[in-house]
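Residue numbers (this note's numbering), protein chains in the order written: chain H, 287 to 400; chain A, 287 to 400.
There are 2 protein chains.
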Amino acid sequence: MAKHETSLNLLFSALGDPTRRAILSALAGGPRSVTQLAAPHDMALPTFMGHLKKLEEAGLVQTEKLGRTRTCSLCPDALQPVRSWLEEQRDLWEGRLDRFDDYVTKLAEERNDA
Amino acid sequence: MAKHETSLNLLFSALGDPTRRAILSALAGGPRSVTQLAAPHDMALPTFMGHLKKLEEAGLVQTEKLGRTRTCSLCPDALQPVRSWLEEQRDLWEGRLDRFDDYVTKLAEERNDA
Numbered sequence: 287m288a289k290h291e292t293s294l295n296l297l298f299s300a301l302g303d304p305t306r307r308a309i310l311s312a313l314a315g316g317p318r319s320v321t322q323l324a325a326p327h328d329m330a331l332p333t334f335m336g337h338l339k340k341l342e343e344a345g346l347v348q349t350e351k352l353g354r355t356r357t358c359s360l361c362p363d364a365l366q367p368v369r370s371w372l373e374e375q376r377d378l379w380e381g382r383l384d385r386f387d388d389y390v391t392k393l394a395e396e397r398n399d400a
Numbered sequence: 287m288a289k290h291e292t293s294l295n296l297l298f299s300a301l302g303d304p305t306r307r308a309i310l311s312a313l314a315g316g317p318r319s320v321t322q323l324a325a326p327h328d329m330a331l332p333t334f335m336g337h338l339k340k341l342e343e344a345g346l347v348q349t350e351k352l353g354r355t356r357t358c359s360l361c362p363d364a365l366q367p368v369r370s371w372l373e374e375q376r377d378l379w380e381g382r383l384d385r386f387d388d389y390v391t392k393l394a395e396e397r398n399d400a
């Protein structure tokens, strides 16, 4: 599978979970320690770490260990393939609507010519 | 969980698979029968139908049975929650950068005043 497709699979799958989306929203405010990030979520730490790992694998989050604290930060450009895919879909759809417009115009012209 | 969150979960999870994204791109060109849609994909029909079902559950695709043919079409507005979520993330991130700008400006002013 193309690298681009694999990366879209990881990105979309990572975004398909409310805890992981909440982590991204929290990190949009700046880097946070794992403890700070986990605090609002009512789940066992290993489960929470599993969510962080998915975000890291998708390239959405990076973590760094400074002394005894693991700090997480956002990789904001990582969402770009998702934005590009959505734009492609819109272009495909609008291309179709344009072609439909052309077809209707052509039909109308043919009717006027008849 | 809020309805909006559930809908984002279903949408992002549905998009996290290359076969399902290819189905959406194909349907952007107009409605297709299941047979037409399945043709380029090297998989058993039940597996392919499973992918279609995920897209239907997320509200991205609707299917209609006309005689013996099941026809699928795109629900293009269904991607709107995904677009809105991405815009929210960008706003959060840019809000943070603006605050950082303000902070740097304030520091510079304080240094000039000193």
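We put the CB at the ideal spot given by N, CA and C, even for glycine.
For L360 of chain H, the enclosing beta strand (DSSP E) starts and ends at 355 to 360. With a cutoff of 9 angstroms on beta-carbon distance, R382 of chain A and G345 of chain H are scored as not near each other. Contact holds between the segment 333 to 350 of chain H and the segment 301 to 311 of chain H, because three or more Cβ pairs, one in each stretch, are under 8 angstroms apart. Those residues of the segment 358 to 379 of chain A placed with their C-beta closer than 9 angstroms to a C-beta in chain H are L360, P362, L365, V368, R369, W371, L372, E374, Q375, R376, D377, L378, W379, ordered along the chain.
Distances from the CA of C358 of chain H to each of H:L393, H:I309, H:T292 were compared; the closest alpha carbon is that of H:I309. Think of a sphere of 7 angstroms around the beta carbon of A314 of chain H: the chain A residues whose beta carbon falls inside it are Q375, L378, W379, R382, in chain order. Counting only runs of 3 or more residues that sit fully inside the segment 297 to 359 of chain A, the beta strand (DSSP E) segments are 347 to 352, in chain order. Judged by beta-carbon spacing, P367 of chain H lies beyond the 9 angstroms limit of S311 of chain H, meaning their Cβ atoms are not closer than that value. Assigned with DSSP and collapsed to three states, A364 of chain H falls in helix. At least one CB atom of chain A sits nearer than 9 angstroms to the CB of G302 of chain H.
Taking C-alpha positions only, F298 of chain A is separated from L372 of chain H by approximately 12 angstroms.
DSSP, read as helix, strand or coil, puts A288 of chain A in coil.
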